[in-house]
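Encoded as structure tokens, the structure appears first; notes follow it.
Residue numbers (this note's numbering): 406 to 463.
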């Protein structure tokens, strides 16, 4: 049973090392594109309010 868990852990680590960097190297299209907003919408956005939305422990 312990050998199965060790083998599973090794497979998981190999997938993490080999698959994830290749995926993120190409980029996530959603985060590389800007969402269009009208000047009126941009003026309504208070950047100071975004800081208050962060958790207090940060």
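Backbone N, C-alpha and C define an ideal beta-carbon position, used for all residues, glycine too. As the structure is a prediction and not an experimental result, all values here were calculated from the model.
In three-state terms, what does DSSP make of residue i?
i           : result
residue 406 : coil
residue 454 : helix
residue 440 : coil
Say whether chain B places a C-beta atom closer than 9 Å to the C-beta of residue i.
i           : result
residue 413 : Here chain B cannot be found, since the structure has a single protein chain.
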